[in-house]
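Here's the structure we're looking at; comments come further down.
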Amino acid sequence: MNAIRGIWTEQEYSLEGDFYRFANYSQKPKPVGGLPEIFQGGSSRAARDMAARVSDWYFTNGNTPEGLKTQVDDIRAKEAAFGRTRPRAKIGINAFGIVRPTEAEAKAELQNVLDHAIPDAVRGFHHEVQNAGNASPEKEGNWAKSTFQDLVQYNDGFRSNLIGTPEQVAERILALKDHGADLILLGFLHFQEEVDFFGKHVIPLVRELEAARDAKAVAAE
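The C-terminal position of the sequence shown is numbered 245 in my numbering, with every residue numbered one higher than the one before it.
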């Protein structure tokens with residue numbers, strides 16, 4: 025990442041590294057209007073180390089607000105320890121949205137998704153990702169704590185719990201934001217219909233809740 029940023033910003037870039045070597049390398053055209061942001065996925069300690077050192081974005085699997093905060097706090101501490109001079113890494117989290125007029129309808133749709141999962145495929149995926157996690161020095165990884173239900177949506181989207189009524193989901197979005205999320209990558213079962221519903225019934229509530237909190241904070245000053 026340091027090499028590509030050097031190539032993007034310097035007229036002639038040189039580097040003598042263990043894996044990459046450049047001698048007065050020049051690339052044209054260079055990015056216009058600022059550098060592209062570099063997104064990096066992961067949840068392991070090694071991933072958090074890299075995010076704290078060089079990434080613009082750290083993208084992690086779905087999680088609870090508290091689980092997300094644990095990762096964010098670790099990244100912020102590492103950024104300070106590494107003496108990071110770049111703007112701090114922004115945080116993205118995966119989620120799967122099931123929003124219905126009632127909580128019972130949302131939970132029924134979740135159960136419908138689980139009922140149509142292929143158990144052998146989910147268990148096979150679980151076996152492979154657990155092996156990958158166990159191969160890391162700290163025995164961690166994206167799916168270290170994932171249950172069968174989590175792995176039906178393979179990036180732990182259900183764990184972010186954006187499943188319920190518009191009001192419940194809007195409040196949970198703000199909880200994720202309060203615990204460090206700058207961006208939520210959402211998946212849906214019926215994409216076109218549900219994106220439309222989400223935009224009409226959830227996003228306005230999120231904005232209303234944010235505005236109400238801002239007004240309350242101003243009044244308290």
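The beta carbon of each residue, even a glycine, is placed where N, CA and C say it ideally should be.
Reference residue i; option with closest CA among the options
i: residue 209; options: 227, 52, 86, 37; result: 86
i: residue 77; options: 187, 25, 88, 196; result: 25
i: residue 169; options: 177, 154, 142; result: 154
i: residue 89; options: 236, 195, 215, 241; result: 195
i: residue 150; options: 174, 137, 131; result: 174
i: residue 125; options: 115, 187, 171, 110; result: 187
i: residue 127; options: 204, 145, 199, 189; result: 189
i: residue 191; options: 62, 67, 227; result: 227
i: residue 198; options: 69, 231, 221; result: 231
i: residue 91; options: 144, 129, 205; result: 205
i: residue 58; options: 29, 108, 46, 40; result: 29
i: residue 73; options: 93, 184, 105; result: 105
i: residue 102; options: 115, 84, 75; result: 75
i: residue 193; options: 132, 119, 95, 60; result: 119
i: residue 41; options: 139, 27, 216, 117; result: 27
i: residue 117; options: 51, 234, 217, 83; result: 83
i: residue 143; options: 176, 62, 225, 217; result: 176
Residue range of the alpha helix (DSSP H) that includes residue i
i: residue 26; result: 26–33
i: residue 107; result: It is not in any alpha helix (DSSP H) - residue 107 carries neither H nor E in the DSSP assignment.
i: residue 48; result: Element bounds for residue 48: not the alpha helix (DSSP H) but the beta strand (DSSP E), 45–49.
i: residue 182; result: Taken as a continuous stretch (DSSP letters only), residue 182 belongs to no alpha helix (DSSP H), as it is neither H nor E.
i: residue 245; result: Element bounds for residue 245: n/a, residue is neither H nor E.
i: residue 40; result: Where residue 40 is concerned, there is no enclosing alpha helix (DSSP H), although the beta strand (DSSP E) it sits in stretches over 37–40.
i: residue 131; result: 127–139
Span separating the alpha-carbon of residue i from that of residue j
i: residue 32; j: residue 54; result: 6 Å
i: residue 56; j: residue 80; result: 18 Å
i: residue 178; j: residue 134; result: 14 Å
i: residue 38; j: residue 48; result: 5 Å
i: residue 147; j: residue 172; result: 7 Å
i: residue 200; j: residue 66; result: 18 Å
i: residue 203; j: residue 68; result: 18 Å
i: residue 108; j: residue 207; result: 22 Å
Where residue i falls, given that 16 or more other Cβ within 10 Å makes a residue buried
i: residue 35; result: exposed
i: residue 44; result: exposed
i: residue 123; result: buried
i: residue 219; result: exposed
i: residue 243; result: exposed
i: residue 238; result: exposed
i: residue 241; result: exposed
i: residue 184; result: buried
Supposed contact pair residue j and residue i - C-beta distance, whole angstroms, cut 8 Å
i: residue 121; j: residue 212; result: 6 Å
i: residue 100; j: residue 112; result: 7 Å
i: residue 64; j: residue 70; result: Contact doesn't hold; Cβ gap of about 11 Å is too wide.
i: residue 137; j: residue 115; result: With a Cβ gap of about 26 Å, residue 137 and residue 115 do not count as contacting.
Limits of the unbroken beta strand (DSSP E) element including residue i
i: residue 114; result: 114–120
i: residue 65; result: 63–65
i: residue 211; result: 207–211
i: residue 84; result: 81–84
Any chain B beta carbon closer than 8 Å to residue i
i: residue 179; result: The chain inventory of the structure shown lacks chain B, comprising one protein chain alone.
Residue i beta carbon near the ligand COA (any heavy atom closer than 7 Å)
i: residue 174; result: The ligand COA is not part of this structure, which contains no ligands at all.
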